[in-house]
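K.L.:
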Amino acid sequence: MVANTLHAAAILIKEGGDWDWFINLSASDYPLVTQDDILYTLATLPRELNFIEHTSDIGWKEFQRARPVIIDPGLYSLKKSDVFWVTEKRSVPSAFKLFTGSAWMMLSHQFIEYCIWGWDNLPRTVLMYYSNFLSSPEGYFHTVICNAPEFKNTTVNHDLHFISWDNPPKQHPHFLTLDDFSKMVNSNTPFARKFVRDNPALLDKIDKELLGREANGFVPGGWTNSIEANLSDPKEFVKDLKQLRPGPGAERLKRLISGLISAEGFDKKHCI
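To convert, take the position in the sequence shown, counting from 1, and add 821; that gives the numbering used here.
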């Protein structure tokens, strides 16, 4: 998954034009705000911020993920198969400190470039380490950013997702239902997960009440007007915030982000 994410990011750097943040999502995610809400809110933020939930307290993961050695056939085989466990154990690395957290994040253009180009070799070194690590998306970017002096003070400790975990938490969160709708809205997050494929009632409610999306249509906004007006040039994007039509979702997202970056001790809580 880390290799796929880096590959996608490399394509965006090469061919994706002018962009500020890279957001990784899965097929189990769904937005709770419109595109205009996101664009309008992010336009006011410093472009170097990285929204990544992280901690250096890796707990049980040290002995169940960091110390064991595995071989992942997915790195060299065309067919999917389970990893191979090696009997020997390894020590925790001393060249960098391990961090862990959520696999979902919003990373800045600058940090993504650093991960791709790796001009001081740290991203490559950490990548080789995590090729022998279960659930590497929950640690690779976190470890790189918190060991890079240039970026460790740019973190915002949040993954911008509403996720409902069991208590005690299991390996995966539970699938969301209509009972979670109010909590999703009140979380002020722009995304939520996980959604089950064969239960469209909740997605229909989000479309109707939060996104204003018609069945089989796009979420309306200034960006759709811009595209319709520039069909001859598919590279034309919204360039003026006055073209956007933010709704209540923009206010919710603004409350979330403002609360995160204005919290007491924010500047002292990077990468701890």
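Glycine included, every Cβ here is placed at the ideal spot set by N, Cα and C.
Counting only the same chain and skipping the five closest in sequence on each side, list residues whose C-beta sits under 7 Å from that of R911.
P.N.:
R888, V890
K.L.:
Nearest to C967 by alpha carbon, out of G1038, F996, K918?
P.N.:
K918
K.L.:
Looking at E1072 and N978, is the spacing between their C-beta atoms short of 8 Å?
P.N.:
no
K.L.:
What is the DSSP secondary structure of A887, reduced to helix, strand or coil?
P.N.:
helix
K.L.:
Given 8 Å as the limit, is there contact between the region 994-1011 and the region 929-944, that is, 3 or more CB pairs closer than that?
P.N.:
no
K.L.:
Smallest Cα separation from Y851: which of L1031, G960, D839, P894?
P.N.:
L1031
K.L.:
How would you write the range of the beta strand (DSSP E) that M927 sits in, first residue to last?
P.N.:
Unbroken beta strand (DSSP E) run through M927: 921-929.
K.L.:
At which residue ranges does the region 936-992 contain complete beta strand (DSSP E) runs of 3 or more residues, listed in the order of the chain?
P.N.:
982-984
K.L.:
Any idea if L853 is buried or exposed, counting beta-carbon neighbours within 10 angstroms, 16 or more meaning buried?
P.N.:
buried
K.L.:
Could you tell me the distance, in whole angstroms, from the CA atom of D987 to the CA atom of K1063?
P.N.:
43 Å
K.L.:
Helix, strand or coil: how does DSSP classify N1020 here?
P.N.:
coil
K.L.:
From V1040 to G1068, what distance separates their C-alpha atoms?
P.N.:
12 Å
K.L.:
Does the structure place the region 1069-1088 close enough to the region 1005-1012 that three or more beta carbon pairs sit under 8 Å?
P.N.:
yes
K.L.:
Name the DSSP bridge partner or partners of F843?
P.N.:
L928.
K.L.:
State the Cα-Cα distance for the pair R1018 and K1029, rounded to the nearest angstrom.
P.N.:
18 Å
K.L.:
Quick one: grab the DSSP three-state call for Y897.
P.N.:
coil
K.L.:
Thinking just about the alpha-carbon of each residue, which of D893, L846, C936, S915 is nearest to the one in R1014?
P.N.:
L846
K.L.:
Kindly identify the DSSP beta-bridge partner or partners of W881.
P.N.:
None; W881 has no bridge partner.
K.L.:
Starting from V907, trace the beta strand (DSSP E) in both directions and tell me its first and last residue.
P.N.:
905-910
K.L.:
What is the C-beta distance between L928 and F843, in whole angstroms, given that I count them as a contact (C-beta under 8 Å)?
P.N.:
About 5 Å separates the two Cβ atoms, so the contact holds.
K.L.:
Out of curiosity, what's the CA-to-CA distance linking Q931 and G1080?
P.N.:
24 Å
K.L.:
Can you tell me whether I1093 is helix, strand or coil according to DSSP?
P.N.:
coil
K.L.:
To the nearest angstrom, how far is it from the Cα of H828 to the Cα of A1022?
P.N.:
35 Å
K.L.:
By how many angstroms is the C-alpha of D858 removed from the C-alpha of G1042?
P.N.:
Computed Cα separation, rounded: 9 Å.
K.L.:
In terms of DSSP beta bridges, what is P852 paired with?
P.N.:
F1012
K.L.:
For the alpha helix (DSSP H) that contains H995, what are its first and last residues?
P.N.:
Where H995 is concerned, there is no enclosing alpha helix (DSSP H), given that its DSSP letter is neither H nor E.
K.L.:
Quick one: residues in its chain with C-beta nearer than 6 Å to the C-beta of I879, no 5 flanking neighbours on either side, listed in chain order?
P.N.:
Only L919, T921 meet the Cβ criterion.
K.L.:
Helix, strand or coil for E874, going by three-state DSSP, please let me know.
P.N.:
strand
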